[in-house]
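Read the structure below first, then the notes.
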């Protein structure tokens, strides 16, 4: 599976992981101290993780995900998920813009958008 990928680099954005941990912890109305006690680390360690100043082991990340009642991919796959969410928001915005327009105009708009996208894609090749 990894044949020919010996030099593969994976960029881990610890700031984003820390942001997601903070976001989830605050959503659950949990203090850094409470989270720290639950996983047996110091509150300053949690602060450092949330601010991207320290890395954590996989074991610590698993403990955090259990205490924060979320999956690991919530922290790790942030880039993929954020692109998906941004696209969903854009689609929702388009739906709202098209709502007051009649069906024929919506169809014209859709045709124009598809053709524009195809044109732009062909220029990038």
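Residue numbers (the working numbering): -14 to 110. Yeah, the Cβ is synthetic: ideal placement off N, Cα and C, and Gly gets one too.
| said: Tell me whether the stretch 77 to 91 and the stretch 43 to 60 touch, counting them as touching only if at least three CB pairs, one residue from each stretch, are closer than 8 Å. | reply: no
| request: Please report the residue range of the alpha helix (DSSP H) in which residue 19 lies. | output: 17 to 24
| Which of helix, strand or coil does DSSP assign to residue 41? | coil
| field | Cut-off 6 Å between Cβ atoms - residues of its own chain near residue 18, not counting five sequence neighbours on either side | value | 28
| message | Using only the alpha-carbon positions, how far apart do residue 114 and residue 56 sit? | response | Absent from the structure is residue 114, since the part of the chain shown begins at -14 and ends at 110.
| request: Compute the beta-carbon to beta-carbon distance between residue 6 and residue 44, rounded to the nearest angstrom, for a pair I have assumed lies under 8 Å. | output: Not quite, the Cβ-Cβ distance comes to about 15 Å (not below 8 Å), so this is no contact.
| Which value, in whole angstroms, describes the spacing of the CA atoms of residue 59 and residue 3? | 11 Å
| request: Could you have a look at residue 27 and say whether DSSP puts it in helix, strand or coil? | output: coil
| query | How close, in whole Å, do the beta carbons of residue 9 and residue 53 come, if the pair is a contact with beta carbons under 8 Å? | reply | 5 Å
| task | Can you tell me which of the three DSSP states residue 1 falls into? | result | helix
| query | Going straight from the alpha carbon of residue 38 to that of residue 78, what length do you get? | reply | 36 Å
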